[in-house]
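Visitor:
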Amino acid sequence: MKKLAVAAIITSGLWAESIKAETGVGAFVGNPYWGAELKHNGLRMNVSLDEQFGLAMNKTFAVNNTPLYLFIGGQYVDRERHYIAVTPGIGAEFRVKPMGFYLDLAPSVYLDELEVELEARAGLRVYF
Numbered sequence: 000m001k002k003l004a005v006a007a008i009i010t011s012g013l014w015a016e017s018i019k020a021e022t023g024v025g026a027f028v029g030n031p032y033w034g035a036e037l038k039h040n041g042l043r044m045n046v047s048l049d050e051q052f053g054l055a056m057n058k059t060f061a062v063n064n065t066p067l068y069l070f071i072g073g074q075y076v077d078r079e080r081h082y083i084a085v086t087p088g089i090g091a092e093f094r095v096k097p098m099g100f101y102l103d104l105a106p107s108v109y110l111d112e113l114e115v116e117l118e119a120r121a122g123l124r125v126y127f
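Numbering (numbering that gives the first Met the number 0), first residue to last: 0 to 127.
#1: Do you know how far the Cα of residue 101 is from the Cα of residue 91?
#2: Around the Cβ of residue 24, are there at least 16 other Cβ atoms within 10 angstroms (buried) or fewer (exposed)?
#3: Identify the residues that DSSP records as bridge partners of residue 58: which are they?
#4: Measure from the alpha carbon of residue 107 to the alpha carbon of each residue in 95, 120, 97, then state which is nearest.
#5: Can you grab the Cα-Cα spacing for the pair residue 63 / residue 69, in whole Å?
#6: Using C-beta distances below 7 Å, list every residue in its chain close to residue 125, excluding the 5 sequence neighbours before and after it, in chain order.
#7: Could you tell me the alpha carbon to alpha carbon distance between residue 27 and residue 93, rounded to whole angstroms?
#8: List the DSSP bridge partners of residue 52.
#9: Looking at the strands, I want to know which residues DSSP matches up with residue 106.
#10: Express the C-alpha separation of residue 103 and residue 49 in angstroms, rounding to a whole number.
#11: Which residue wins for smallest C-alpha separation from residue 74, given the options 45, 61, 80, 67?
Shown next, in the form of structure tokens:
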């Protein structure tokens, strides 16, 4: 029983070491808007800084041992035609600590008109 308890403590210590919080702040350009972004672990939130108000949030899922990731989320864009969209997509992030450069490609499904638009964005983050 004592060996089992020691093994459990060591294993949980290894897990705690491998799980690190990563927070990044940055800026991006792309379609449908450009703006500022906050990323904490696998959760991203961005807001537009241009004349069209936009707000988006998505969850990223890393592809093991590659710079690629998949993501799914949603966005609200205040413009004449489209408003609310579901945004699944693929992206890649290239890291040189403490910086990260990323590219995203997403076929956004706008729910108000059931239209699909291919949207892309590129951005730069600083991690701390």
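Cβ coordinates follow ideal geometry from the N, Cα and C atoms, glycine included.
Keep in mind that this is a model prediction, so the values were computed, not measured.
Guide: Well, looking at it:
#1: Along the sequence shown, read from residue 1 onward, the residue named residue 91 stands at position 92. Along the sequence shown, read from residue 1 onward, the residue named residue 101 stands at position 102. Rounded to whole angstroms, the gap between the alpha carbons of residue 91 and residue 101 is 6 Å.
#2: Position 25 of the sequence shown holds residue 24. Burial call: exposed.
#3: As a first step, residue 58 is located in the sequence shown; it is residue number 59 there, counting from the start. Per DSSP, 42, 71.
#4: Along the sequence shown, one-based indexing puts residue 107 at 108. That would be 120, whose Cα lies nearest to the Cα of residue 107.
#5: In the sequence shown, residue 63 corresponds to position 64, counting from 1. In the sequence shown, residue 69 corresponds to position 70, counting from 1. Their Cα atoms are separated by approximately 11 Å.
#6: As a first step, residue 125 must be located in the sequence shown, where it is residue number 126. Cβ neighbours of residue 125 beyond the five flanking positions: 23, 24, 25, 97, 98.
#7: Translated into the one-based positions of the sequence shown, residue 27 becomes position 28. Translated into the one-based positions of the sequence shown, residue 93 becomes position 94. Their Cα atoms are separated by approximately 14 Å.
#8: Working through the sequence shown from its first residue, we reach residue 52 at position 53. Paired residue(s): none; residue 52 is not in a bridge.
#9: For the purposes of this step, residue 106 is taken as residue 107 along the sequence shown, with counting starting at 1. Residue 106 is bridged to 117.
#10: For the purposes of this step, residue 49 is identified with residue 50 of the sequence shown, where counting begins at 1. For the purposes of this step, residue 103 is identified with residue 104 of the sequence shown, where counting begins at 1. Straight-line Cα distance between these residues: approximately 19 Å.
#11: Position 75 of the sequence shown holds residue 74. Measuring C-alpha to C-alpha distances from residue 74 to each of 45, 61, 80, 67 identifies 45 as the nearest.
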